[in-house]
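Here the structure comes first, spelled out in structure tokens, and everything after it is commentary.
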Amino acid sequence: MIQLVRLQVSPKQASDLQAIKHSIASTQKISISAIGEIRIIKRSIDARSRTIKIILDILFARKPDVTLPKREYSFCAKNVSHAPEVHIIGSGPAGLFAALRLIELGYKPIIFERGKDIHDRKRDIASLHKNEALNSHSNYCFGEGGAGTFSDGKLYTRSKKKEHISRVLELFICNGASEDIITDSHPHIGSDKLPYIIKNIRNSIIECGGELHFNTHVSEFNISHNKISALTLANNTVVPVSHVILATGHSAHDVYYNLHAAGIILEAKPSAMGVRAEHPQELIDYNQYHGQKTEYLPPASYSLVQQVENRGVYSFCMCPGGIIVPASSQDKQLVVNGMSNSQRNSPFANSGIAVQLLLEDYNDFAEYGPLAGLKFQEQLEQLAYNNGGNNQIAPAQAIGDFISGKLSPQLPDCSYLPGVVSSPLHIWLPEHIAKRLQIAFKAFNSRIRGYGSNEGIIVGVESRTSSPVRIPRNPETLQHIQIPNLYPCGEGAGYAGGISSSAVDGMLCAEAVARHI
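In this note's numbering, the protein residues as written are 52 to 568.
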């Protein structure tokens, strides 16, 4: 007999298999000898009270000689070498998972990626950390695997497409991820492990007859009779196409400009921008775990939101035990992001703190039509660059000083490797962003004691939380509303946010292409 049971145990008990069996025996009123194989299928932390509990959903065999069914994770590989072709622009999660799904459906994916493969991309990212030259085609945003590869690998999503999310996790496991991502309520792979997994996904695609072309920048969309007839590459090669999945991510600004120039309909959309806040991980642990941090608990995270003058101010992409990284993709602009390795063993905790922006906030750039939000974003990133130091050195301010409206004479330690320089963010950030951040930080300090003190630091700017442009598509067919053989996909199209939801959107677009063909 196989049975499902939910347990509430201490962090120490949760780390001990024998203690878990004792808890099962106690709650089910059976002897421990009657318990066979056990499997944790869901794990979460309840730290709402001072007595911290680990919630475990466990499948167990009620007889010692009964074994649990083996977990099966499969990718339905097919030889698509000579199958109908579908072109994909971008090799982030949307593009890669679109390719995997196309293969399962019997179509040949051909991916064009402007950046480099994982191996060569690592060198360009290492150069950024040394505050050396930015490669605008190979950085934290562009290259094999997209932005998620080297910026954390968090897989948690609020998407309601649970079946699709499960399939994404299964495909990650097929390509080398730990089964823990199925078990944990907030799954995380880590930037140290993702490159290996992304490389395996690449190999899976190639082995099935798909193609990936790195250092291949699509510079022009050739439109004929309201369809994309061909793609022009930066080396002037013209590639005929029949169906295109556009999965370029939210940082490929030139793609928006090229689409706009080609007369393809775009829309400005609300977004959010702000700063990245960092604190000692010990401060976050002490608050979130009520002063009871133990060796059995992971570095604590947080989720904060505050309404300020009818706008939301919220934490985004929280990285416990992480570091702040340079996420610029264009010269003379400065963007920061956060990441954690799988062990989350940095002494710092960081999170984007973003202020909700509405279309009216783009009014100064109304002349740019649907690209007004993009221009607002670029201006903010230029401000950060101009108020920083040399190259990737970022402007920063102690949070207490930011709230008080004064320049920081001394900055707290910070994980940002290129370096930070003291800067009055309260002055040069747009007033409607700076003012709301100041009020929100005061409110956050009442929930996490010390959050608004000078132990914390803000680094500017966090401007890529979402795209300020949407590429409109038919909600049923997922085709662009004007160009029926164009399938806008993922974060860059305005329909996803994060690795998992982007991967799901890629798979759905692949299915939509197959239906259309």
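For each residue, glycine too, the CB sits at the ideal point set by N, CA and C.
Subject >> Bridge partner(s) assigned by DSSP for M390 >> reply: I374
**OP:** Would you kindly report the start and end of the unbroken beta strand (DSSP E) that includes E262?
**Re:** E262 to H264
Original post:
Span of the alpha helix (DSSP H) holding H543?
Top reply: The question names His, but residue 543 is Gly in the sequence shown. Counting along the chain, the alpha helix (DSSP H) containing G543 begins and ends at G541 to A544.
**OP:** Determine, using beta carbons only, whether G557 and A134 come nearer to each other than 9 Å.
**Re:** no
**OP:** Answer yes or no: do L110 and I92 have a C-beta to C-beta separation smaller than 9 Å?
**Re:** yes
Subject >> Cβ-based neighbour list, E432, same chain, cut-off 8 Å, excluding 5 preceding and 5 following >> reply: S379, Q381, Q384, L385, V386, V512 and S514
Original post:
Which residue's Cα is closest to the Cα of V219: V564, D108 and A554?
Top reply: A554
Original post:
Taking the alpha-carbon positions, what's the G194 to L425 distance?
Top reply: 21 Å
Subject >> For H330, the first and last residue of its enclosing alpha helix (DSSP H) >> reply: Per DSSP, H330 belongs to no alpha helix (DSSP H); it is in the beta strand (DSSP E), S322 to P331.
Subject >> Sequence-distant residues of its chain with Cβ nearer than 6 Å to S132 (five each side left out) >> reply: G260
**OP:** Pick out whichever of Y467, A447, G470 and M52 has its Cα sitting closest to the Cα of P460.
**Re:** A447
Subject >> Nearest candidate by alpha-carbon position, reference T200, set S393, I534 and R152 >> reply: Nearest option by C-alpha distance: S393.
Subject >> For N266 and G16, the rounded distance between their alpha carbons >> reply: The requested residue 16 does not occur in the structure, where the chain is confined to residues 52 to 568.
Original post:
If we count the other Cβ atoms within 10 Å of its Cβ and call it buried at 16 or more, is C127 buried or exposed?
Top reply: Exposed, by the Cβ-count rule.
Original post:
Do you know whose CA, among R500, A85, L529 and C540, lies nearest Y340's CA?
Top reply: Among R500, A85, L529 and C540, the Cα nearest to that of Y340 belongs to R500.
Original post:
If D175 and S189 are in contact, beta carbons under 8 Å, what's the gap, nearest whole angstrom?
Top reply: 4 Å
Subject >> Spatially closest choice to G314 from Q533, S74 and L559, by CA coordinates >> reply: Q533
**OP:** Within the same chain, show all residues whose beta-carbon is closer than 6 Å to that of V295, passing over the 5 residues directly before and after it, in chain order.
**Re:** Excluding five sequence positions before and after V295, the CB atoms of its chain that fall closer than 6 Å to its own CB belong to H138, I279 and L537, given in chain order.
Subject >> Own chain residues within Cβ distance below 6 Å of A145, not counting five before or after >> reply: A298, C540, G541, S553, D556 and G557
Original post:
Roughly how many angstroms lie between the CA atoms of A303 and G543, to the nearest whole one?
Top reply: 8 Å
Subject >> Residue from I154, V60, A70 and I83 whose Cα sits closest to the Cα of A565 >> reply: I154
**OP:** Compute the Euclidean distance between the alpha carbons of N442 and N182, then round it to the nearest angstrom.
**Re:** Spanning the two alpha carbons is a distance of roughly 6 Å.
Original post:
Which one or two residues does DSSP pair with L529 in a beta bridge?
Top reply: None, per the DSSP bridge assignment.
Original post:
What residues are listed by DSSP as bridge partners for N186?
Top reply: Partner(s): S189.
Original post:
Are S142 and V376 touching if we call contact CB-CB under 9 Å?
Top reply: No, Cβ-Cβ distance for S142 and V376 is not below 9 Å.
Original post:
In chain order, what residues of the same chain have a beta carbon less than 7 Å from the beta carbon of G503, not counting five sequence neighbours either side?
Top reply: I450, G451, I454, F492, K493, F495 and N496
Subject >> Length of the line joining the Cα atoms of Q332 and M390 >> reply: Answer to the nearest angstrom: the Cα atoms are 14 Å apart.
**OP:** Check each candidate in E164, L222, E329 and A177 and name the one with the smallest Cα separation from A285.
**Re:** E164
Subject >> For E411, the three-state DSSP class (helix, strand or coil) >> reply: helix
Subject >> Contiguous alpha helix (DSSP H) assignments of at least 4 residues, all confined to the region 206 to 250 >> reply: Within the region 206 to 250, complete alpha helix (DSSP H) segments of at least 4 residues are found at 213 to 225 and 231 to 234, given in chain order.
Original post:
Are R94 and I106 touching if we call contact CB-CB under 9 Å?
Top reply: yes
**OP:** Kindly indicate the opening and closing residues of the beta strand (DSSP E) around G199.
**Re:** Where G199 is concerned, there is no enclosing beta strand (DSSP E), given that its DSSP letter is neither H nor E.
Original post:
On the three-state DSSP scale, how would you describe I162?
Top reply: strand
Original post:
Would you call the region 460 to 471 and the region 479 to 487 touching, i.e. three or more CB-CB distances under 8 Å?
Top reply: At 8 Å Cβ cutoff, the stretches do not touch.
**OP:** Let me know if Q530 comes out buried or exposed under the rule of 16 or more other beta-carbons within 10 Å of its beta-carbon.
**Re:** buried
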